[in-house]
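Enquirer: First the structure, then my questions, so here it is.
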Amino acid sequence: KLSLLTYELSVFTEGILAMETITVGNDQISPCHLLTAGIRKELVQHVSAVLHRTLQFHFKGDIKPSSIVEFLGGSTKSFRFVERHLNSLKQALEHIQDYIGVSGLKIWGEEFSRVVAFSVEQESNKYLREKVSGSESSYQLSYAPIPLFSPTETEPLYMNFMGRTMSCLLKITEPQVTVFSLECNGWFVPDGTEVCGSRLFAVVRSALGTFGLAGLDRLLSFRVLNEMQRFIKYYKSAVKSHGVLLEQIRDGLFPEWKTHHDAMKFYASATKKTEKLMVPVVTCLRRVGQAQLIRKMIRNELQACAQASSRQLLLSLSEVNSMLMTEVFDGKKESISKSNCISLQHLSDKLDMVGDVDPLSTMFLAVDPLEGLPLVLSIFVISHVDKFNYDMDFGSLVRSKEEYPFDGWPIVAGMATILKQFHSSFMKSLFSYLAQYFRSGVDGSYLIKKVSKKDDQSVIPQNLKNTVIFLKQLCSISGISVALLHEYLPQSLIEICTT
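Numbering (this note's numbering), first residue to last: 97 to 595.
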């Protein structure tokens, strides 16, 4: 049957190519162009329909471990179906390209990447002020238009399959239920079952390709940007209403290198007075951190794929990137701007495709310094560290009670991302405030032990150990040397708290 279909297709192709070139107005229409345009049109229609019909996810019930595991199973089946169907289309094009005289794989790559880019553009409209309609998109072609579908009933907030896929990953990795482990490279439910890791992202890559993963990364970047803009807007209004209180707290802790008398009572009072401020803060950190960790996993998968299939390209791009960065740091910006050998934007896009960029180093926006931000983030950490326990197996701070709506690593990643948007002095101020809190807590615990004369009482309480663990993880994920902490805390104490 395959041979018969191939023969019929070749006869059909011969008939089209036997046609003469015609002129319509100022345009010439050649038979070869007519053939490839028809193939592109049918391919786009078919691929778009498969992606729309198959990648529809329905989360049943409340957000809990059992629901996430069930949702994971259904989602994986959908991705597997898309993989099989699209691979069949790709193989069919590859099989017939020699019989009809067209570059089938080239057409596949161009059209599939166009469908993904168009879907990302339309989905990102919700995060942008200036929106691009489907008809005005640069990815729309008159001879091979990309069809527009209505949002599904189960997920009306998302325009197309890219948004629904992003939503699927966000639900599976929900920080209110799951635990992320950087050492284990994945998300887990409390009983230790992995719900999202390198295997799931490999499945997504098999279904959507590297173009799809890069598109998800871009879509998540828009989500992070939107969350940070909302946070900055909230923070500016909060500072106006709580400016006097924050100033009093800052004066009470000055200077940061000094341990004050009755400091722990002061911290307790400060966290109590700023309790209402922390609800939007934890929401922002949780959402930003979750998206950033997913981006980090996507980059890992893209880089692993590039290492396996196009190592020379990866090494070449890394070398060019290093060379350009060296010129920037050496002050040779003029030579870069006048150079015609490569486009910086083109290089950036290629680096994104091979995953050779750290998501935690992304600068999302240029914003004026937010007064008192390190202090607010420090109070947030102080008020929440006692709600964590350190899990040796996961190498992560995990919630001590199920009702706490956060996880350790997403909070760390979210804070690292926010601080990255500002001067490095903000990070150092955070270290200074938290180191002062740690020293004050250790002094207070030592005095209590000395008065009570109980040898079994630990000098360093768990909340103080959690503070040091948080700082060390913040350094790790931000690419900062742990030696920076030694300027604020003795190395011996850091080792005691983290071993």
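By construction, the Cβ of each residue, glycine as well, lies at the ideal position given by its N, Cα and C atoms.
1) Could you check how far apart the C-beta atoms of Thr261 and Leu312 are, in whole angstroms? I think they sit under 8 Å.
2) Do Leu493 and Ala531 have their CB atoms nearer than 7 Å?
3) If you count every other CB in all the chains shown that lies within 10 Å of the CB of Phe108, and 16 or more means buried, which is it?
4) Taking the C-alpha atoms as reference points, what is the distance between Leu447 and Thr132?
5) Round the Cβ separation of Lys281 and Ser294 to the nearest angstrom and send it over; I've been treating them as touching at under 8 Å.
6) Would you check if the distance between the CB atom of Cys380 and the CB atom of Phe327 is smaller than 7 Å?
7) Does the segment 150-157 come within contact of the segment 219-235, defined as at least 3 CB pairs closer than 8 Å?
8) Rounded to whole angstroms, what's the CA-CA distance from Gly504 to Gln386? Just pull it up for me.
9) Which parts of the segment 227-260 are runs of the beta strand (DSSP E), unbroken and 3 residues or longer, counting only runs that do not cross its ends?
10) Who are the near neighbours of Ser277 in its chain, counting only those whose CB is closer than 7 Å to its CB and skipping five residues on each side?
11) Going by DSSP, name the residue or residues bridged to Trp204.
12) To the nearest angstrom, how far is the alpha carbon of Val547 from that of Leu341?
13) What residues in its chain sit with their C-beta under 8 Å from that of Val299, if we drop five residues either side in the sequence?
14) Within 10 Å of its beta-carbon, does Asn183 have 16 or more other beta-carbons around it, so buried, or fewer, so exposed?
15) Taking the beta carbon of Leu465 as the centre, do at least 16 other beta carbons fall within 10 Å, making it buried, or is it exposed?
16) Indicate whether Asp452 and Ser406 have their beta-carbon atoms separated by less than 7 Å.
17) What residue does the alpha helix (DSSP H) around Glu583 start on, and which one ends it?
18) Bridge partners of Cys401, per DSSP?
19) Confirm, please, whether the CB-CB distance from Val140 to Glu190 is below 7 Å.
20) Using DSSP with H/G/I as helix, E/B as strand and the rest coil, what is Trp505?
21) Let me make sure I understand the geometry here. Which of Val212, Gln344, Leu316 and Pro241 has the alpha-carbon closest to that of Met393?
22) So Val578 and Cys571 are in contact, right, with Cβ under 8 Å, and what is the actual spacing, rounded?
23) Excluding the five sequence neighbours on either side, which residues of its own chain have a C-beta within less than 8 Å of the C-beta of Gln399, listed in chain order?
24) Between the Cα of Asp482 and the Cα atoms of Phe566, Thr513 and Ser457, which residue gives the shortest distance?
25) Rank Ile556, Pro557, Cys593 and Gln558 by C-alpha distance to the C-alpha of Lys568 and give the top, closest one.
26) Taking buried to mean at least 16 other C-beta atoms within 10 Å of its own C-beta, is Val463 buried or exposed?
27) DSSP state of Cys292, grouped into three classes?
28) Starting from Asp454, follow its DSSP beta bridges and name the residues at the other end.
29) Whole alpha helix (DSSP H) runs in the segment 296-358 with 4 or more residues, listed along the chain?
30) Which residues bound the alpha helix (DSSP H) around Phe167?
31) By Cβ distance below 8 Å, which residues in the same chain neighbour Gln124 in space, the five residues on each side in sequence not counted?
32) Under 8 Å Cβ to Cβ from Ala145, same chain only, skipping five residues before and after it: list those, please.
33) So who's on the other strand from Ser492, going by DSSP bridges?
34) Could you tell me how far apart the beta carbons of Ile478 and Arg382 are, in whole angstroms, since I believe they sit closer than 8 Å?
35) Determine, using beta carbons only, whether Leu456 and Ile590 come nearer to each other than 7 Å.
36) Out of Val472, Ile556 and Ser162, point me to the one whose CA is closest to Gly288's CA.
Expert: Well, looking at it:
1) Sequence index remark: in the sequence shown, residue 261 carries index 165 (1-based). Sequence index remark: in the sequence shown, residue 312 carries index 216 (1-based). Contact between Thr261 and Leu312 holds: CB atoms are separated by about 6 Å, below the 8 Å threshold.
2) Mapped onto the sequence shown, residue 493 falls at position 397. Mapped onto the sequence shown, residue 531 falls at position 435. Their beta carbons are not under 7 Å apart, which means Leu493 does not touch Ala531 by this criterion.
3) Taking the sequence shown and counting its residues from 1, one reaches residue 108 at position 12. With fewer than 16 other Cβ atoms within 10 Å, it is exposed.
4) As a position in the sequence shown, residue 447 is number 351, starting the count at 1. As a position in the sequence shown, residue 132 is number 36, starting the count at 1. Each residue's alpha carbon lies about 30 Å from the other.
5) For the purposes of this step, residue 281 is taken as residue 185 along the sequence shown, with counting starting at 1. For the purposes of this step, residue 294 is taken as residue 198 along the sequence shown, with counting starting at 1. Note on identity: in this sequence residue 281 is Asn, with Lys being the wrong assignment. Correct: roughly 6 Å between the Cβ atoms.
6) As a working mapping, residue 380 is identified with position 284 in the sequence shown. As a working mapping, residue 327 is identified with position 231 in the sequence shown. The Cβ atoms of Cys380 and Phe327 lie closer than 7 Å to each other.
7) Segments in contact, no.
8) Taking the sequence shown and counting its residues from 1, one reaches residue 504 at position 408. Taking the sequence shown and counting its residues from 1, one reaches residue 386 at position 290. Taking the straight line joining both Cα atoms gives about 10 Å.
9) If we require 3 residues or more, the segment 227-260 turns out to have no beta strand (DSSP E) run fully inside it.
10) Taking the first residue of the sequence shown as 1, we reach residue 277 at position 181. Closer than 7 Å at the Cβ level, and outside the excluded window around Ser277, lie Phe284, Phe490, Gly491 and Ser492.
11) As a working note, residue 204 is residue 108 in the sequence shown. Bridge partners of Trp204: none, in fact.
12) The residue labelled residue 547 in the question sits at position 451 within the sequence shown. The residue labelled residue 341 in the question sits at position 245 within the sequence shown. Only weak support is given to the placement of Val547: the predicted model assigns it a pLDDT of 47, under 50, and the value that follows is read from those uncertain coordinates. Rounded to whole angstroms, Val547 and Leu341 show a C-alpha spacing of 34 Å.
13) Taking the sequence shown and counting its residues from 1, the one referred to as residue 299 is at position 203. Counting only Cβ-Cβ distances below 8 Å, and skipping sequence neighbours, we find Thr172, Phe175, Arg176 and Glu179.
14) Counting from one through the sequence shown, the residue named residue 183 turns up at place 87. The residue in question, Asn183, is exposed, as its Cβ has fewer than 16 Cβ neighbours within 10 Å.
15) Counting from one through the sequence shown, the residue named residue 465 turns up at place 369. Residue 465 is actually Pro in this sequence, not Leu. Burial call: exposed.
16) Counting from 1 along the sequence shown, the entry for residue 452 is found at position 356. Counting from 1 along the sequence shown, the entry for residue 406 is found at position 310. Result no, Cβ atoms of Asp452 and Ser406 do not sit closer than 7 Å.
17) For the purposes of this step, residue 583 is taken as the residue at position 487 of the sequence shown. Neither: Glu583 is in no alpha helix (DSSP H) and is coded neither H nor E.
18) Taking the sequence shown and counting its residues from 1, the one referred to as residue 401 is at position 305. According to DSSP, which records beta bridges pairwise, Cys401 is partnered with nothing at all.
19) Position 94 of the sequence shown holds residue 190. Position 44 of the sequence shown holds residue 140. The answer is no: Cβ separation not under 7 Å.
20) Numbered from 1 along the sequence shown, position 409 holds the residue referred to as residue 505. Reduced to three states, the DSSP call for Trp505 is helix.
21) On the sequence shown, residue 393 is found 297 positions in, with the first residue counted as 1. Among Val212, Gln344, Leu316 and Pro241, the Cα nearest to that of Met393 belongs to Leu316.
22) If you number the sequence shown from 1, residue 578 lands on position 482. If you number the sequence shown from 1, residue 571 lands on position 475. Rounded, the Cβ-Cβ distance is 5 Å, consistent with contact.
23) For the purposes of this step, residue 399 is taken as residue 303 along the sequence shown, with counting starting at 1. Within the same chain, Gln399 has close Cβ partners Leu410, Val450, Gly451 and Asp452.
24) For the purposes of this step, residue 482 is taken as residue 386 along the sequence shown, with counting starting at 1. Closest option to Asp482, Cα to Cα, is Phe566.
25) As a working mapping, residue 568 is identified with position 472 in the sequence shown. Minimum Cα distance to Lys568 is reached at Cys593.
26) The sequence position of residue 463 within the sequence shown is 367, counting from 1. Answer is exposed; the Cβ neighbour count stays below 16.
27) Counting from 1 along the sequence shown, the entry for residue 292 is found at position 196. Under the three-state reduction of DSSP output, Cys292 falls in the strand class.
28) By 1-based counting over the sequence shown, the position of residue 454 is 358. DSSP lists no partner for Asp454.
29) Listed in chain order, nothing qualifies, since the segment 296-358 has no complete alpha helix (DSSP H) run of 4 or more residues.
30) Numbered from its first residue, the sequence shown carries residue 167 at position 71. Its alpha helix (DSSP H) spans residues Pro161 to Ile196.
31) Against the sequence shown, residue 124 aligns to sequence position 28. By the criterion of a C-beta distance shorter than 8 Å, Gln124 is surrounded in its chain by Thr117 and Ile118, once the five residues flanking it on both sides are discounted.
32) Counted from its first residue, the sequence shown places residue 145 at position 49. Excluding positions up to five away in sequence, the list reads Pro243.
33) Along the sequence shown, one-based indexing puts residue 492 at 396. Answer is Asp487, bridged to Ser492.
34) Taking the sequence shown and counting its residues from 1, one reaches residue 478 at position 382. Taking the sequence shown and counting its residues from 1, one reaches residue 382 at position 286. So it is not a contact: roughly 18 Å between Cβ atoms.
35) For this step, residue 456 is matched to residue 360 along the sequence shown. For this step, residue 590 is matched to residue 494 along the sequence shown. Their beta carbons are not under 7 Å apart, which means Leu456 does not touch Ile590 by this criterion.
36) In the sequence shown, residue 288 corresponds to position 192, counting from 1. Nearest of Val472, Ile556 and Ser162 to Gly288, Cα basis: Ser162.
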